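For the sequence shown, this note's numbering begins at 15 and goes up steadily by one. Cβ coordinates follow ideal geometry from the N, Cα and C atoms, glycine included. Small disclaimer: the values here were computed from a predicted structure and weren't measured.
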Amino acid sequence: MVHFVGAGSGAVDLITVRGARLLADADVVIWAGSLVNPELLTYCKAFCEIHDSSLLTLEQVLEIIKRAEAAGKTTVRLHTGDGSIYGAVREQFDALEKLGIEYDVCPGVSSFCGAAASLKAEYTLPGVSQTVIISRAAGKTPVPEKESIPSLASHGATMVLFLSASLTEKLQGELIEGGYSQNTPAAVVYKATWADERILRCTVGTLHDTVKGSGIKKTALIIVGGCMGDEYMRSLLYDPGFSTEFRSGN
Ligand code: SAH
15 MVHFVGAGSG AVDLITVRGA RLLADADVVI WAGSLVNPEL LTYCKAFCEI HDSSLLTLEQ
75 VLEIIKRAEA AGKTTVRLHT GDGSIYGAVR EQFDALEKLG IEYDVCPGVS SFCGAAASLK
135 AEYTLPGVSQ TVIISRAAGK TPVPEKESIP SLASHGATMV LFLSASLTEK LQGELIEGGY
195 SQNTPAAVVY KATWADERIL RCTVGTLHDT VKGSGIKKTA LIIVGGCMGD EYMRSLLYDP
255 GFSTEFRSGN
């Protein structure tokens, strides 16, 4: 049995209770050493076999899993944040299906949620934006043309950009090309929820200079949109004049 487990965004106590239990029970752990907090391995039992997937190919990961299965062992595949976001999990699921190896998935706190907590932000502010666009600047991994930054930026929604900290010069130009003003508020969160987390607040127009000046090149999220500012409407849900299924308004 293979359990895909979301490790959470960094802080060791942000893994789910279920994820921690699965780690504690695992005979073999394959963890993404480039991004997962190594302290999480303290949840593993003594004699657990541990592999760092940042040194491995997909084929090598599958070999380790196959060997564990043959020996009747339980494997945890530990991914940073939540595996559904840039986790390269689907190719593993499909390979395990083909091999007839059973697996399940335990969610995790994605870094975009960790960053919102660090920023004390709400991405979906009434009167500002009701949409969160998760995307990335095109780097080595191409992004479909229909999802270019200018076309996504044209919505003026909240944007959370992964994997883009080293591409801010082009990104800034494309965000403006798409319609954000120079003074649209933005933030950069480096290693959200880790002990060495850093938060930089800026605007779209100062994004590149801010990131360049900080020396941050990776493990950061860029958040753009009016939700990083101070203007919004209060919610209807908690408005005294608004009736809901649970409460009648006056
Ligand atoms: N599955 C992960 C994302 C993996 S892609 C998740 O759900 O968060 C790796 C990218 O995620 C990094 O380049 C960075 O953009 C972002 N990232 C991961 N952990 C982060 C953290 N703690 N703080 C800020 N960004 C993070």
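Go ahead and pull the three-state DSSP assignment for residue i.
{"i": "residue 241", "result": "helix"}
{"i": "residue 167", "result": "helix"}
{"i": "residue 94", "result": "coil"}
{"i": "residue 253", "result": "coil"}
{"i": "residue 81", "result": "helix"}
{"i": "residue 129", "result": "helix"}
{"i": "residue 138", "result": "coil"}
{"i": "residue 89", "result": "strand"}
{"i": "residue 291", "result": "Lying outside 15 to 264, the shown extent of the chain, residue 291 is not represented and no answer is given."}
{"i": "residue 117", "result": "strand"}
{"i": "residue 233", "result": "coil"}
{"i": "residue 71", "result": "coil"}
{"i": "residue 76", "result": "helix"}
{"i": "residue 214", "result": "strand"}
{"i": "residue 175", "result": "strand"}
{"i": "residue 160", "result": "helix"}
{"i": "residue 246", "result": "coil"}
{"i": "residue 53", "result": "helix"}
{"i": "residue 26", "result": "helix"}
In terms of residues, what are the limits of the alpha helix (DSSP H) holding residue i?
{"i": "residue 104", "result": "104 to 113"}
{"i": "residue 200", "result": "Element bounds for residue 200: not the alpha helix (DSSP H) but the beta strand (DSSP E), 199 to 204."}
{"i": "residue 182", "result": "182 to 192"}
{"i": "residue 32", "result": "31 to 39"}
{"i": "residue 225", "result": "221 to 228"}
Pick out whichever of the options has its Cα sitting closest to the Cα of residue i.
{"i": "residue 25", "options": "221, 36, 228, 206", "result": "206"}
{"i": "residue 196", "options": "180, 239, 17", "result": "239"}
{"i": "residue 132", "options": "259, 165, 123", "result": "123"}
{"i": "residue 233", "options": "44, 247, 181, 27", "result": "181"}
{"i": "residue 250", "options": "125, 263, 113", "result": "263"}
{"i": "residue 119", "options": "74, 97, 177, 129", "result": "97"}
{"i": "residue 41", "options": "53, 16, 22", "result": "16"}
{"i": "residue 72", "options": "87, 58, 164, 91", "result": "91"}
{"i": "residue 242", "options": "218, 176, 165, 190", "result": "218"}
{"i": "residue 54", "options": "32, 37, 65, 244", "result": "37"}
{"i": "residue 51", "options": "210, 225, 237, 216", "result": "210"}
{"i": "residue 194", "options": "208, 177, 220", "result": "220"}
{"i": "residue 245", "options": "185, 101, 141", "result": "141"}
{"i": "residue 7", "options": "64, 151, 126", "result": "Residue 7 is absent from the structure shown; the chain starts at 15 and stops at 264."}
{"i": "residue 183", "options": "34, 231, 213", "result": "231"}
{"i": "residue 11", "options": "254, 110, 147, 179", "result": "This structure does not reach residue 11, given that the chain is present from 15 up to 264, and the question cannot be answered."}
{"i": "residue 56", "options": "67, 34, 74", "result": "34"}
{"i": "residue 178", "options": "191, 208, 226", "result": "226"}
{"i": "residue 236", "options": "212, 65, 159, 70", "result": "212"}
Taking only beta-carbon positions, decide if residue i is within less than 8 Å of chain C.
{"i": "residue 224", "result": "Considering every chain present, this structure includes no chain C. It has just one protein chain."}
Can you tell me where the beta strand (DSSP E) with residue i in it begins and where it stops?
{"i": "residue 66", "result": "63 to 66"}
{"i": "residue 45", "result": "42 to 45"}
{"i": "residue 147", "result": "146 to 150"}
Task: Validate contact between the stretch 108 to 128 and the stretch 73 to 85 using beta carbons, cut 8 Å, 3 pairs - done: Because the criterion of three Cβ pairs below 8 Å is met, the stretch 108 to 128 and the stretch 73 to 85 touch.
Open item on the list: Three Cβ pairs or more, each shorter than 8 Å: is that satisfied between the stretch 38 to 51 and the stretch 134 to 144?
Closed with: They do not touch, by the three-pair rule.
TODO: Evaluate the contact criterion for the stretch 165 to 178 versus the stretch 201 to 215: three or more CB pairs, one atom per stretch, below 8 Å.
DONE: By the Cβ rule, the stretch 165 to 178 does not count as touching the stretch 201 to 215, because fewer than three pairs are nearer than 8 Å.
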